[in-house]
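Peer 1: The opening residue of the sequence shown carries number 98 in the numbering used here; numbering runs sequentially from there.
Where is the CB? At the ideal position from N, CA and C, for every residue including glycine.
Could you have a look at this structure, given as structure tokens, before my questions?
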Amino acid sequence: ATKRAATEGYGARVVGCEEGERMQVAEKLQSECGYTMVPPFDDEEVIAGQGTATLEFFEQVNELDAILAPCGGGGLLSGTAIAAKGCSTKCKVIGIEPELGDDAKRSFESKVLQSVSNPLTIADGVRTAQLGHKTFPLILQYVDEMSTVSEEAIFEATRFLFYRMKLVVEPSGVLGVAALLSGSVKSQGRVGILLSGGNIDAPTMRRILGE
């Protein structure tokens, strides 16, 4: 709801569609109106743009032993991995996704693209069906490890950032913190975590903080 309200607040017209029909509706609008598609993750320029967050990270801290990034469609993780390896070949890149949507981890381990249908995770920003055709090979090439976190770990990380760090981070953006706090990823020296996104509505935050 927060994302939709913000989008409309900037003057955009939000077009709804049935589950699984987003691309068909988008392509129809492109054809009818001459719009330009800006892909959410499976695009070289989008991947490169998302990688600049890691470049800025290294400019601030100089060196990292590992960096953790959320993974949905793989755009942020691909960009993170390429940038991290360009800054430091010894930096380990670890992608994190919810246990309920573990298609990327399964794809990474099997080397075959896997999918998941509308995973009901609280981390709505990573509910993608599968990695992209461009992001998947990049993740295989540049990412060192994939791990998953439980829903409770995501809740706990969101609460930790809110109460202890005074940061409002959406569930999709806390996956790296959730991995460290829950122990699904062990601390490996100087670890960087990308906190990505603050799009969370009041009912969802109340639910998380109230448990």
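(1) Could you tell me the alpha carbon to alpha carbon distance between T232 and T177, rounded to whole angstroms?
(2) Is T133 helix, strand or coil when you go by DSSP?
(3) With 16 as the cutoff for other CB atoms within 10 Å, does S244 come out buried or exposed?
(4) What does DSSP give as the partner residues of S244 in its beta bridges?
(5) For E340 versus S185, is the C-beta spacing smaller than 8 Å?
(6) How many whole angstroms separate the CB atoms of G280 and L165, which I take to be in contact at a CB cut-off of 8 Å?
(7) Using a Cβ distance threshold of 8 Å, determine whether the segment 144-152 contacts the segment 257-267, with at least three qualifying pairs required.
(8) Once you ignore the five residues that flank A226 on each side, which residues in its own chain have a CB closer than 8 Å to its CB?
(9) Quick one: does the C-beta of E196 sit closer than 7 Å to a heavy atom of the ligand NAD?
(10) Let's test the definition: count the other Cβ atoms within 10 Å of the Cβ of V158 and tell me whether it reaches 16, buried, or not, exposed.
(11) What three-state label does DSSP hand V266 in the structure shown?
(12) Which same chain residues, not among the five before or five after E153, have their C-beta less than 8 Å away from its C-beta?
(13) Three-state secondary structure (DSSP) at G170?
(14) Enumerate, from N- to C-terminal direction, the unbroken alpha helix (DSSP H) stretches of 4 or more residues contained entirely within the segment 249-303.
(15) State the CB to CB distance for the pair G229 and G270, rounded to an integer number of angstroms; the pair is presumed to be in contact (CB under 8 Å).
(16) Let me check one thing: in DSSP terms, what residues is L165 bridge-paired to?
(17) Considering only the beta carbon of each residue, do S204 and L197 sit closer than 8 Å?
(18) Taking the alpha carbon of M120 as the point to measure from, which residue in P137, A150, E248 and L277 has its own alpha carbon closest?
(19) Rank A250, P234, K202 and G183 by C-alpha distance to the C-alpha of I219 and give the top, closest one.
(20) Leaving out five residues on either side along the sequence, give the residues of the same chain with a beta carbon under 6 Å from the beta carbon of V240.
(21) Would you report the Cα separation of E116 and I297, rounded to the nearest angstrom?
(22) Of the choices G222, V282, C188 and A123, whose alpha-carbon is the least far from that of T151?
Peer 2: Result, derived from the coordinates:
(1) 11 Å
(2) coil
(3) buried
(4) I193
(5) There is no way to answer for residue 340, as the model of the chain reaches only from 98 to 308.
(6) Not quite, the Cβ-Cβ distance comes to about 13 Å (not below 8 Å), so this is no contact.
(7) no
(8) D200, S212, V213, S214 and N215
(9) Because no ligand of any kind appears in the structure shown, any question about the ligand NAD cannot be addressed here.
(10) exposed
(11) coil
(12) none
(13) coil
(14) 272-279
(15) That belief does not hold up - the Cβ atoms of G229 and G270 are roughly 20 Å apart, past 8 Å.
(16) I191 and I290
(17) no
(18) P137
(19) A250
(20) A178, V190 and G192
(21) 21 Å
(22) C188
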